[in-house]
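Trainee: This is the structure I want to talk about, given as structure tokens.
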Amino acid sequence: MSDFSRLTRRKFLVSATTTAAGAVLLKGCTQPSTPDAATQSPAPSPVTANDTPEVTKATLGYLPIVESAALIIAKEKGFFTKYGMTDVTVVKQANWAGARDNVVIGSGGGGIDGGQWQMPMPHLITEGIITNGNKVPMSVLLQLNTNGNAIAIASLHEGKGLGLKINDPEYIKQFQSKNGRLFKAAHTFPNVNQDFWIRYWFAAGGVDPDKDIELLAVPPAETVQGMRNGTMDAFSTGDPWPYRIVTDKIGFLSALTTEMWPYHPEEYFALRTDWIEANPKATKALLKGIMEAQQWCDDAANRDELVKIVSGRSFFNSPAEVLTPPYKGNYAMGDGKSALNDLKFGPLYWKDPNGDSISYPFKSHDLWFLTETLRWGFHKTAITDLDVAQKLIDKVNREDIWREAATEAGFTADIPASTSRGVETFFDGVKFDPENPQRYLDDLKIKAA
Ligand code: CA
């Protein structure tokens with residue numbers, strides 16, 4: 107067993123009484139709750155008069171992908187309730203545009219107070235960049251997960267050397283002259299994680315994603331259909347899609363994102379800033395519940411139960427068999443490549459095998475997302491340079507609230523010393539030094555700027 111598993115196991119034992127209470131609550135959510143269910147709870151609430159939340163209700167959006175697991179577990183295992191947030195609703199969003207529109211409306215108008223986001227959606231919504239100029243200040247509070255994403259390639263391209271590295275970029279660049287159409291790749295929403303991962307992969311392999319291919323936002327089901335019928339070539343996506351693409355023989359995985367950038371920043375928890383300002387204690391109570399859920403999710407012993415819960419009809423509504431392999435870190439890659447099989451390759455939530463916090467929202471990671479935004483020339487008129495990016499991060503990233511919540515909940519051993527995780531190294535040898543993002547931009551060979 108790795109040190110990582112031992113660490114999370116110890117945490118699990120500490121919170122074992124809570125888990126027992128959570129099992130009761132879980133039963134209660136499929137049946138009308140009874141007075142018995144409440145009195146059976148052996149976990150004393152840690153909420154004192156001093157940190158009683160201002161409200162017990164919050165409405166949080168999520169998408170049915172592994173990134174949202176901690177939100178669902180916090181709800182279903184009773185971790186929100188434990189911290190006094192007894193009326194949290196987690197609401198499935200149809201897609202990223204739907205989540206964006208719902209947070210602009212807010213829960214008062216039938217939308218959401220916040221929830222799960224790709225990056226840098228909270229920054230873009232704050233500035234009105236993806237909301238038709240409607241500025242809705244948001245605050246990034248916690249990172250939900252790392253890993254769990256991949257670049258999938260249609261079966262048509264088997265045997266062409268499209269692995270972590272692209273052996274022959276000309277194969278992709280000359281695709282149009284030989285096939286009458288550009289090599290076509292999809293992600294689910296423009297200018298955020300999935301778009302960045304596939305752009306990074308193409309560019310590292312010598313393919314310019316803006317000039318040599320067609321890259322666009324397409325819904326997952328449509329993308330998979332396109333890969334099946336030969337009209338779509340590549341897909342940047344999250345679990346459980348990569349596993350399904352390989353097992354359904356639609357395609358293969360050229361790279362897991364964790365192979366491109368080990369324990370890379372992935373999706374985040376963010377709320378409307380007006381909600382946080384009105385409910386500072388409730389905000390921290392939500393964070394404590396999610397933090398405890400993240401620790402629970404990382405315990406290998408809980409993964410079967412995790413799959414059972416999230417695969418349910420009211421959440422991901424997908425067969426448990428499809429979610430189990432990624433949650434065991436088991437990835438069949440296809441195209442003759444050996445399978446990967448280690449928990450460290452799958453989705454992780456609280457702490458990575460290097461001992462770094464996953465949950466804590468490092469400002470250095472926000473900076474990478476906004477530096478990459480500059481690299482590709484997204485939102486040029488609003489995000490003009492690194493100074494603007496840094497100011498936006500200082501406004502939107504509220505790692506200070508994460509620290510307060512973690513301190514109050516007693517997770518002090520896992521609070522990082524710095525707001526930076528330090529220099530990041532990618533699979534192609536490129537380094538991102540948060541102290542010198544301009545150097546990173548200058549060194550990149552393929553970029554829009
Ligand atoms: Ca993702």
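Numbering-wise (the working numbering), the sequence shown opens with residue 107 and increments by one. For glycine and all other residues, C-beta sits at the position ideal for the given N, C-alpha and C.
1. Can I351 be considered in contact with ligand 1, in the sense that its beta carbon sits closer than 7 Å to one or more heavy atoms?
2. Is DSSP giving N255 helix, strand or coil here?
3. Quick one: is the Cβ of N255 within less than 7 Å of any heavy atom of ligand 1?
4. For the candidate residues T379, P368, G395, R350, whose alpha-carbon lies nearest to that of F517?
5. Is there at least one non-hydrogen atom of ligand 1 closer than 7 Å to the beta-carbon of N408?
6. For L230 and A327, what's the separation of their Cα atoms in angstroms?
7. Are V330 and I356 closer than 8 Å when you measure CB to CB?
8. Can you give the beta carbon distance from P432 to P346, rounded, assuming they're within the 8 Å contact cut?
9. Could you work out which residue in T232, D458, E373 is closest to D500 when comparing CA atoms only?
10. How is Q544 classed by DSSP in three states: helix, strand or coil?
11. So, does the CB of G214 fall closer than 8 Å to a CB anywhere in chain D?
12. For the stretch 165-178 against the stretch 212-223, are there 3 or more C-beta pairs whose distance is under 8 Å?
13. Taking 7 Å as the cut-off, is the C-beta of G344 nearer than that to any heavy atom in ligand 1?
14. Which residues in the same chain as D157 place their Cβ atom closer than 6 Å to its Cβ, once the five residues preceding and following it in sequence are excluded?
15. Could you spell out the range, first to last residue, of the beta strand (DSSP E) harbouring Y168?
16. According to the Cβ coordinates, are R527 and H485 closer than 8 Å?
17. Rounded to whole angstroms, what's the CA-CA distance from S376 to S283? Just pull it up for me.
18. Please check the pair N255 and E372, which I expect to be a contact at CB under 8 Å, by giving their CB distance rounded to whole angstroms.
19. Need the endpoints of the alpha helix (DSSP H) that A512 sits in, please.
20. For T195, which residues does DSSP report across the bridge?
21. What does the alpha-carbon distance come out to for the pair R504 and P543?
22. What would DSSP say about N299, mapped onto helix, strand or coil?
23. So, for I351: in the same chain, excluding its five sequence neighbours on each side, which residues have a beta-carbon less than 6 Å away from its beta-carbon?
24. For the stretch 454-465 against the stretch 183-199, are there 3 or more C-beta pairs whose distance is under 8 Å?
25. Taking only the alpha-carbon atoms, compute the straight-line gap between T487 and K450 and give it to the nearest angstrom.
26. From M342 to V529, what distance separates their C-alpha atoms?
27. Please classify A127: does DSSP put it in a helix, a strand, or coil?
28. Considering only the alpha carbon of each residue, which of L473, L262, W223, W381 lies closest to V172?
29. For A310, I'd like the list of residues in its chain whose CB is within less than 6 Å of its CB, leaving aside the five on either flank, ordered along the chain.
30. Closer than 7 Å to a non-hydrogen atom of ligand 1 - does that hold for the CB of Q400?
31. Would you kindly work out how many angstroms separate the C-alpha atoms of D520 and S417, rounded to a whole number?
32. May I have the straight-line CA-CA distance separating M227 from V298, to the nearest angstrom?
33. Beta-carbon separation of P467 and L177 under 8 Å?
34. May I ask whether a heavy atom of ligand 1 can be found less than 7 Å away from the beta carbon of I171?
35. Taking 7 Å as the cut-off, is the CB of E373 close to at least one heavy atom of ligand 1?
36. Give every residue of the same chain whose Cβ lies closer than 6 Å to the Cβ of V246, excluding the five residues on either side of it in the sequence, and list them in chain order.
Mentor: In terms of the structure at hand:
1. The sequence position of residue 351 within the sequence shown is 245, counting from 1. No.
2. The count along the sequence shown starts at 1 and reaches residue 255 at position 149. Strand, per DSSP.
3. Here residue 255 refers to the residue found at position 149 of the sequence shown. Yes, the beta carbon of N255 sits closer than 7 Å to at least one heavy atom of ligand 1.
4. Position 411 of the sequence shown, counted from the first residue, corresponds to residue 517. Ranking T379, P368, G395, R350 by Cα distance to F517 puts G395 first.
5. Locating residue 408 in the sequence shown gives position 302, counting from the first residue. No - ligand 1 has no heavy atom lying nearer than 7 Å to the Cβ of N408.
6. One-based indexing of the sequence shown puts residue 230 at position 124. One-based indexing of the sequence shown puts residue 327 at position 221. Answer to the nearest angstrom: the Cα atoms are 26 Å apart.
7. As a working mapping, residue 330 is identified with position 224 in the sequence shown. As a working mapping, residue 356 is identified with position 250 in the sequence shown. Yes, the pair counts as a contact, with Cβ atoms nearer than the cut-off.
8. Translated into the one-based positions of the sequence shown, residue 432 becomes position 326. Translated into the one-based positions of the sequence shown, residue 346 becomes position 240. About 6 Å separates the two Cβ atoms, so the contact holds.
9. Numbered from its first residue, the sequence shown carries residue 500 at position 394. For the residues T232, D458, E373, the minimum Cα distance to D500 belongs to T232.
10. Position 438 of the sequence shown, counted from the first residue, corresponds to residue 544. Of the three classes helix, strand and coil, the one that applies to Q544 here is helix, per DSSP.
11. Any reference to chain D falls outside this structure, which holds one protein chain only.
12. yes
13. As a first step, residue 344 must be located in the sequence shown, where it is residue number 238. True, at least one ligand heavy atom lies under 7 Å from that Cβ.
14. Position 51 of the sequence shown holds residue 157. The residues are K387.
15. The residue labelled residue 168 in the question sits at position 62 within the sequence shown. Taken as a continuous stretch (DSSP letters only), the beta strand (DSSP E) holding Y168 covers 163-168.
16. Indexing the sequence shown from 1 puts residue 527 at position 421. Indexing the sequence shown from 1 puts residue 485 at position 379. Result no, Cβ atoms of R527 and H485 do not sit closer than 8 Å.
17. As a position in the sequence shown, residue 376 is number 270, starting the count at 1. As a position in the sequence shown, residue 283 is number 177, starting the count at 1. Here residue 376 turns out to be Ala, not Ser, going by the sequence shown. Cα to Cα, the separation comes out at about 45 Å.
18. Taking the sequence shown and counting its residues from 1, the one referred to as residue 255 is at position 149. Taking the sequence shown and counting its residues from 1, the one referred to as residue 372 is at position 266. Their Cβ separation, rounded to whole angstroms, is 7 Å, which keeps N255 and E372 in contact under 8 Å.
19. Mapped onto the sequence shown, residue 512 falls at position 406. Element bounds for A512: 505-515.
20. Within the sequence shown, the letter at position 89 stands for residue 195. For T195, which the question treats as bridged, DSSP gives the partners T165.
21. Here residue 504 refers to the residue found at position 398 when the sequence shown is read from its first residue. Here residue 543 refers to the residue found at position 437 when the sequence shown is read from its first residue. If you take the alpha carbons of R504 and P543, they lie about 21 Å apart.
22. The count along the sequence shown starts at 1 and reaches residue 299 at position 193. It is helical.
23. Residue mapping note: residue 351 aligns to position 245 of the sequence shown, counting from 1. Closer than 6 Å at Cβ, skipping near neighbours: A258, G357.
24. no
25. The residue you call residue 487 lines up with position 381 of the sequence shown. The residue you call residue 450 lines up with position 344 of the sequence shown. In a straight line, the C-alpha of T487 is about 40 Å away from that of K450.
26. For the purposes of this step, residue 342 is taken as the residue at position 236 of the sequence shown. For the purposes of this step, residue 529 is taken as the residue at position 423 of the sequence shown. Here residue 342 turns out to be Ser, not Met, going by the sequence shown. Rounded to whole angstroms, S342 to V529 spans 25 Å at the Cα level.
27. Here residue 127 is taken as the residue at index 21 of the sequence shown, counted from 1. For A127, the predicted model reports a pLDDT of 36, less than 50, meaning its position is unreliable; a value from the coordinates is still stated below. Of the three classes helix, strand and coil, the one that applies to A127 here is helix, per DSSP.
28. Sequence index remark: in the sequence shown, residue 172 carries index 66 (1-based). Of L473, L262, W223, W381, the residue nearest in Cα terms is W223.
29. For the purposes of this step, residue 310 is taken as residue 204 along the sequence shown, with counting starting at 1. D534.
30. Translated into the one-based positions of the sequence shown, residue 400 becomes position 294. Q400 Cβ: outside cutoff for every heavy atom of ligand 1.
31. Numbered from its first residue, the sequence shown carries residue 520 at position 414. Numbered from its first residue, the sequence shown carries residue 417 at position 311. Whole-angstrom Cα-Cα distance: 29 Å.
32. Working through the sequence shown from its first residue, we reach residue 227 at position 121. Working through the sequence shown from its first residue, we reach residue 298 at position 192. Looking at the two C-alpha atoms, the distance is approximately 7 Å.
33. For the purposes of this step, residue 467 is taken as the residue at position 361 of the sequence shown. For the purposes of this step, residue 177 is taken as the residue at position 71 of the sequence shown. No. Outside cutoff.
34. For this step, residue 171 is matched to residue 65 along the sequence shown. The answer is yes for I171.
35. Counting from 1 along the sequence shown, the entry for residue 373 is found at position 267. Because some heavy atom of ligand 1 lies under 7 Å away, the Cβ of E373 counts as near it: yes.
36. Within the sequence shown, numbered from 1, the residue matching residue 246 stands at position 140. Cβ neighbours of V246 beyond the five flanking positions: P228, Y374, A376, P467, V502, N503.
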